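This report concerns only the one structure given below.
Residue numbers (my numbering), protein chains in the order written: chain A, 3 to 435; chain B, 3 to 435.
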């Protein structure tokens with residue numbers, strides 16, 4: 003029979019063990035932080051009615067979505083983010099959840115992106131949100147979680163914070179609120195296209211004088227308080243939005259986290275639905291890689307699916323980018339296995355004893371892989387093969403059973419030396435260190 | 003704007019926090035066991051070329067698979083199991099993996115099953131396999147892992163073990179090997195349709211005398227050794243297959259796991275590709291729910307995608323069934339949150355102090371949720387609302403900040419009593435117990 007060429011779709015990925023171990027270790031750390039904040043996990047289907055996922059419909063999404071008719075002729079699609087399914091989830095399960103609801107969701111999403119830009123068509127999103135609370139405490143909690151998550155991963159984050167509502171108030175005050183979409187889009191590209199080009203675009207949109215004012219706003223400098231003063235001044239004086247930023251500043255001071263947050267009026271976030279604070283998170287040691295975690299406050303999560311408005315604030319971690327950054331910084335542990343210890347018998351009939359001994363190590367808290375072929379101690383080449391195999395498997399230690407003895411030899415695969423004549427307890431202690 | 007009805011596809015599920023916490027806890031326990039055996043995780047795309055997934059093609063699969071044309075007009079499909087993608091993975095990454103390769107994979111798969119039979123169209127599979135080893139040690143390791151996994155979940159397993167090859171040899175010896183597919187299919191249904199009906203079917207397939215011999219084979223009773231004697235006798239005497247079972251029996255004795263394994267000649271497993279041992283796992287406290295973990299040895303994993311034969315042995319846990327069984331047995335912990343402690347301030351301006359205090363508890367190893375609205379100690383109704391909220395969230399303790407004091411009140415939400423005037427260290431100790 004002819005062989006089918008083993009291949010995968012462009013933009014999709016296999017994860018080999020060492021990659022998958024690194025990904026999981028990162029996700030487990032992140033989840034640990036979420037859980038420590040009392041956030042709870044949910045899950046939703048990968049496949050939903052296209053009507054649900056597309057909502058109002060919309061150009062880019064519609065073109066990128068994996069949409070098809072299922073066997074029952076239903077119009078279905080793979081989820082392209084975790085926000086839309088979350089909105090649908092909240093509307094459907096209103097009666098079953100307690101507000102404020104703090105949830106996280108780590109799962110795959112699919113988009114038929116143009117892979118030439120280095121985008122994947124299948125990737126994991128990691129969203130965390132608080133819905134059902136307008137309080138600044140909710141805003142700050144999400145900000146703090148971003149900081150703590152990065153800290154748990156061994157890196158320092160600088161969160162660039164802004165308030166979309168204050169910017170809108172500024173546009174209103176300047177009489178150019180009707181051009182806000184174009185202006186926001188242009189400002190959002192600032193870091194990519196540079197100030198000159200942004201200035202040119204703004205001039206085209208709103209004229210020279212207004213462009214100057216917008217540039218003044220997004221370039222406001224100084225301390226948090228100074229910038230905030232400038233912004234409220236430009237927006238017509240103190241207002242609820244500038245007050246929200248003051249309160250957040252108080253939270254930052256009360257938690258001693260000043261070094262992790264800065265007010266950055268150039269942050270806008272492209273997406274329409276943000277209405278309050280918005281933020282992007284950069285790594286202090288590798289800011290050039292871009293934001294690894296971003297989000298904001300919205301005042302209507304699930305309006306498409308329910309009558310009541312539920313507001314919230316949330317953030318999304320870009321796992322692929324974060325992994326790349328951690329790898330660059332040497333912060334990603336590369337393991338080829340969880341097992342520190344390998345066990346091998348020297349004779350065919352030692353198989354059961356090897357497994358029994360491995361169980362004793364596992365009970366002692368040491369992950370332990372049994373090498374399935376006997377080491378054949380009579381033949382030194384056979385033994386060398388076992389050394390190589392155990393090393394390839396990522397073990398640090400190799401224990402070889404000799405005869406029926408209750409004494410063991412422990413091979414240190416790193417230092418390439420043997421510790422002989424050890425009792426089980428001695429071997430456990432050495433391998434456990 | 004009209005509201006879109008929030009609904010999900012039939013056969014698909016949302017997981018609310020308490021369900022998702024239970025599922026994750028179970029999956030984490032299972033993964034912990036896999037890792038302790040030196041098994042490594044991999045991941046593969048949800049979507050693959052239909053040609054890869056369908057392979058030889060085949061009736062039932064073809065009808066159930068979610069298959070469609072993507073935006074680039076490629077013929078693609080959602081994976082319907084983890085075995086086919088694993089075969090493709092091994093063929094594609096031959097050069098990057100070390101044999102014997104011990105991998106696990108926990109991920110969702112999709113099948114357009116008939117939901118009337120209580121089947122889901124999206125479910126999580128959990129596969130673990132050793133490929134690239136023919137040794138009985140590999141067979142036994144998979145058997146032992148099934149036992150240890152169930153033990154880690156707090157239940158005792160009884161693994162029903164058989165050898166497909168020995169049964170084939172018996173059919174050969176009786177001269178009815180050509181009818182093996184029908185015979186296997188009929189024997190596989192034994193527990194569902196009963197012995198009488200099986201006998202009738204076997205008679206139709208192979209005649210009265212042969213049916214009697216098959217029934218004698220699958221009903222062989224006694225100890226492991228006695229059954230094995232009967233089977234090899236019926237199959238024409240000792241042979242490599244009966245020897246394999248003897249060796250596995252020695253493994254069982256050497257590891258003192260006799261109570262977990264029995265030889266059951268009626269186990270056949272429907273799937274064609276098993277050639278060696280096959281097994282199903284039942285819970286001693288709830289055998290009626292059926293096998294929660296099953297698999298076997300195959301001698302050609304990836305023949306569709308590569309020239310070399312790679313043999314292996316593996317098993318698959320039926321997560322949904324296992325969760326149902328654990329729930330029945332009261333072995334599934336039902337948590338509504340990971341946070342044991344909730345923290346609330348009494349005044350608006352306590353927000354930052356609450357977050358700072360919560361961080362201290364988290365550093366002390368206690369997951370801690372901040373209640374976002376101030377408790378308003380002046381108003382007892384407001385305080386009662388916080389008690390109720392903290393309880394609903396699943397916390398055991400509620401700490402309320404009063405004024406600027408460094409002394410705290412800890413509310414025991416279970417006993418409904420307060421511990422007053424505690425230092426941080428005292429509160430940490432109480433909440434940590």
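Every residue, glycine too, gets a C-beta built ideally from N, C-alpha and C. Predicted, not measured: the structure shown is a model, and the values here were computed from it.
Cα-Cα separation, residue i to residue j
i, j, result
"residue 253 (chain B)", "residue 79 (chain B)", "42 Å"
"residue 214 (chain B)", "residue 188 (chain B)", "14 Å"
"residue 330 (chain A)", "residue 304 (chain B)", "36 Å"
"residue 361 (chain B)", "residue 321 (chain A)", "24 Å"
"residue 369 (chain A)", "residue 278 (chain A)", "48 Å"
"residue 13 (chain B)", "residue 423 (chain A)", "59 Å"
"residue 97 (chain A)", "residue 314 (chain A)", "18 Å"
"residue 206 (chain B)", "residue 197 (chain B)", "14 Å"
"residue 232 (chain B)", "residue 266 (chain B)", "12 Å"
"residue 72 (chain B)", "residue 364 (chain A)", "47 Å"
"residue 392 (chain B)", "residue 345 (chain B)", "9 Å"
"residue 131 (chain A)", "residue 85 (chain A)", "9 Å"
"residue 172 (chain A)", "residue 31 (chain A)", "40 Å"
"residue 390 (chain A)", "residue 410 (chain A)", "19 Å"
"residue 68 (chain A)", "residue 81 (chain A)", "8 Å"
"residue 286 (chain A)", "residue 52 (chain B)", "45 Å"
Span of the alpha helix (DSSP H) around residue i
i, result
"residue 136 (chain B)", "Counting along the chain, residue 136 (chain B) falls outside any alpha helix (DSSP H), and DSSP gives it neither H nor E."
"residue 116 (chain A)", "Looking at the DSSP string, residue 116 (chain A) is not in any alpha helix (DSSP H), and its letter there is neither H nor E."
"residue 304 (chain B)", "Here residue 304 (chain B) belongs to no alpha helix (DSSP H), and DSSP marks it neither H nor E."
"residue 434 (chain B)", "426-434"
"residue 392 (chain A)", "382-394"
"residue 413 (chain A)", "Careful: residue 413 (chain A) lies outside any alpha helix (DSSP H), inside the beta strand (DSSP E) at 410-414."
"residue 190 (chain B)", "182-190"
"residue 261 (chain A)", "Neither: residue 261 (chain A) is in no alpha helix (DSSP H) and is coded neither H nor E."
Residues that DSSP places opposite residue i in a beta bridge
i, result
"residue 353 (chain B)", "None; residue 353 (chain B) has no bridge partner."
"residue 42 (chain A)", "A:105"
"residue 285 (chain B)", "B:159"
Interface residues of chain B facing residue i [CB-CB closer than 8 Å]
i, result
"residue 18 (chain A)", "44, 95, 98, 99"
"residue 47 (chain A)", "10, 11, 14, 15, 16, 124"
Where residue i meets chain A, residues with beta-carbon distance less than 9 Å
i, result
"residue 306 (chain B)", "3, 5, 6, 8"
"residue 257 (chain B)", "354, 355, 357, 358, 361"
"residue 57 (chain B)", "6"
Residue i, enclosing beta strand (DSSP E) - first and last residue
i, result
"residue 71 (chain A)", "69-71"
"residue 52 (chain B)", "First-last for residue 52 (chain B): 52-56, but that is the alpha helix (DSSP H), not the beta strand (DSSP E)."
"residue 255 (chain A)", "Unbroken run through residue 255 (chain A) is the alpha helix (DSSP H), 242-256; no beta strand (DSSP E)."
"residue 318 (chain A)", "314-320"
"residue 79 (chain A)", "77-80"
Cβ-Cβ distance between residue i and residue j below 8 Å
i, j, result
"residue 395 (chain A)", "residue 223 (chain B)", "no"
"residue 291 (chain B)", "residue 282 (chain B)", "no"
"residue 421 (chain A)", "residue 412 (chain A)", "yes"
"residue 348 (chain B)", "residue 402 (chain B)", "yes"
"residue 295 (chain A)", "residue 262 (chain A)", "no"
"residue 8 (chain A)", "residue 44 (chain B)", "no"
"residue 201 (chain B)", "residue 217 (chain B)", "yes"
"residue 5 (chain A)", "residue 307 (chain B)", "yes"
"residue 249 (chain B)", "residue 138 (chain B)", "yes"
"residue 354 (chain B)", "residue 256 (chain A)", "yes"
"residue 124 (chain B)", "residue 48 (chain A)", "yes"
"residue 243 (chain B)", "residue 167 (chain B)", "yes"
"residue 433 (chain A)", "residue 337 (chain A)", "no"
"residue 161 (chain A)", "residue 145 (chain A)", "yes"
"residue 251 (chain B)", "residue 284 (chain B)", "no"
"residue 107 (chain B)", "residue 129 (chain B)", "yes"
"residue 116 (chain A)", "residue 280 (chain A)", "no"
Cross-chain neighbours of residue i in chain A, by beta carbon under 7 Å
i, result
"residue 78 (chain B)", "11"
"residue 73 (chain B)", "114"
Amino acids of chain B, ordered along the chain, whose beta-carbon sits closer than 7 Å to that of residue i
i, result
"residue 263 (chain A)", "Going along chain B, no residue has its Cβ under 7 Å from residue 263 (chain A), so there is no contact; the nearest lies around 12 Å."
"residue 68 (chain A)", "72"
"residue 91 (chain A)", "16"
"residue 341 (chain A)", "40"
Neighbour list for residue i in chain A, Cβ cutoff strictly below 8 Å
i, result
"residue 374 (chain B)", "102, 132, 135, 137, 139, 140, 143"
"residue 253 (chain B)", "353, 354, 357"
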